[in-house]
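Q: So the number in the numbering used here is just where the residue sits in the sequence shown, counting from 1, plus 4.
Glycine included, each C-beta is placed from N, C-alpha and C at the ideal position.
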Amino acid sequence: MECIIITIDGASSTGKSSLAKAIAKHYGFKHIDSGAMYRALTFYAQDYNLLSDHKFDVETLIARLPTIDIDFTKKDSIMLNGQIIEDEVRSMEVSNKVSLVAKEPQFRQFMVAKQRQLGAKGNVVMDGRDIGSVVFPNATIKFFLEASMEVRTNRRYAELIEKGEPVSIGEVQANIAKRDYIDSNRDDSPLIVPENAIVLSNDKEGMSGLFALATAEIDKRLL
Ligand code: DC
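1) Assign Val203 to buried or exposed, taking buried as 16 or more other Cβ atoms, counted over all protein chains shown, within 10 Å of its Cβ.
2) Would you mind working out which of Ser137, Met96, Arg190, Leu45 sits nearest Met83, comparing C-alpha positions?
3) Have a look at Ala220 and Gly213 and give me their C-alpha separation to the nearest angstrom.
4) Pick out whichever of Leu55, Glu97, Phe60 has its Cα sitting closest to the Cα of Pro170.
5) Consult DSSP for Ser193 and reduce its assignment to one of helix, strand or coil.
6) Taking the continuous beta strand (DSSP E) assigned at Glu150, which residues delimit it?
7) For Tyr31, verify whether its CB is less than 8 Å away from any heavy atom of ligand 1.
8) Which residue marks the beginning of the beta strand (DSSP E) containing Thr11, and which one marks its end?
9) Which residue marks the beginning of the alpha helix (DSSP H) containing Ser22, and which one marks its end?
10) Please go through the same chain and pick out, in chain order, the residues whose beta-carbon is closer than 7 Å to the beta-carbon of Leu149, but skip the five residues on each side of it.
11) Where do the ends of the beta strand (DSSP E) carrying Asp61 lie?
12) Got a sec, what are the start and stop residues for the beta strand (DSSP E) Leu204 sits in?
13) Closer than 9 Å, CB to CB, is Glu175 near chain B or not?
14) Residues in the same chain with beta-carbon distance under 7 Å from Ile186, minus the five sequence neighbours each way, listed in chain order, please.
15) Quick one: any contact between the region 57-69 and the region 123-136, if contact means 3 or more CB pairs under 8 Å?
16) On the criterion of 16 or more Cβ atoms from any shown chain inside 10 Å, does Ala143 qualify as buried, or is it exposed?
17) So, at 6 Å on beta carbons, what are the nonlocal neighbours of Leu122 in its own chain, with the 5 sequence-adjacent residues on each side left out?
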């Protein structure tokens with residue numbers, strides 16, 4: 005039988021990953037956070053001094069791709085060459101640069117191939133920017149999650165403060181706005197509402213309402 009693929013796209017900090025995680029747990033599916041994959045590659049580039057405020061050595065990072073293993077085999081944690089880097093990929097340092105990595109077509113091709121491999125292994129809930137539009141245009145069911153800038157900023161700020169990162173709310177909002185611009189205006193796979201996607205809003209519903217709406221739609225499709 006064909007694998008079931010549920011996609012959740014949307015801008016950063018709209019609550020995609022929280023919703024994806026809850027849906028995956030409910031149905032016993034694997035959750036793949038595709039944003040974490042781009043973040044892992046960004047962390048690698050920063051760790052190896054290929055990406056900083058002053059430079060981005062795209063050519064060297066492209067040459068290193070065959071040696072870079074990004075996976076989710078251990079529970080739902082993002083792993084880079086065998087190391088769990090869940091906290092590292094959520095840092096402001098990575099957030100500030102990840103859109104620069106994600107706009108390069110060579111890195112997108114690398115990720116899309118990996119995401120399709122992961123989707124071929126079993127039933128998945130995958131969240132990101134281009135999952136319903138490019139990675140799995142024939143997904144079983146597609147969602148697009150929206151939320152106001154205020155809700156998104158507060159979500160990301162609370163996450164970072166909980167992790168002990170010294171950020172201001174203004175810094176978080178500026179980072180989200182900058183990434184929105186780059187993610188929506190890049191040439192390769194910009195953020196769009198995928199064809200046939202069900203649009204949900206995190207402003208009106210909150211997470212429990214979103215979960216109820218999404219699972220009702222999924223049950224209709226699967227039963
Ligand atoms: O969802 P997130 O904030 O963790 O995503 C981090 C960055 O990765 C985001 O700024 C854009 C990029 N991204 C992408 O281009 N395509 C995806 N499928 C997922 C994320």
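A: To lay it out plainly:
1) When all chains shown are included, Val203 counts as exposed.
2) Across the set Ser137, Met96, Arg190, Leu45, the C-alpha of Leu45 shows the shortest separation from the C-alpha of Met83.
3) Rounded to whole angstroms, the gap between the alpha carbons of Ala220 and Gly213 is 11 Å.
4) Measuring from the Cα of Pro170, the nearest candidate turns out to be Glu97.
5) DSSP places Ser193 in coil when its eight states are reduced to three.
6) For Glu150, the uninterrupted beta strand (DSSP E) run begins and ends at 145-150, by DSSP.
7) Relative to the non-hydrogen atoms of ligand 1, the Cβ of Tyr31 never comes closer than 8 Å to any of them.
8) Per DSSP, Thr11 is one residue of the beta strand (DSSP E) stretching across 9-14.
9) Ser22 -> alpha helix (DSSP H) spans 20-31.
10) Here the set comprises Ile12, Gly14, Thr18, Gly19, Lys20, Leu23, Leu204, Asn206.
11) No beta strand (DSSP E) holds Asp61; DSSP gives it neither H nor E.
12) Unbroken beta strand (DSSP E) run through Leu204: 202-205.
13) In the structure shown, chain B cannot be found, because there is only a single protein chain.
14) Closer than 7 Å at Cβ, skipping near neighbours: Ser103, Lys107.
15) No: fewer than three Cβ pairs fall under 8 Å.
16) It is buried - the Cβ of Ala143 has at least 16 other Cβ atoms within 10 Å.
17) Excluding the 5 residues flanking it on each side, Leu122 has same chain C-beta neighbours closer than 6 Å at Ile36, in chain order.
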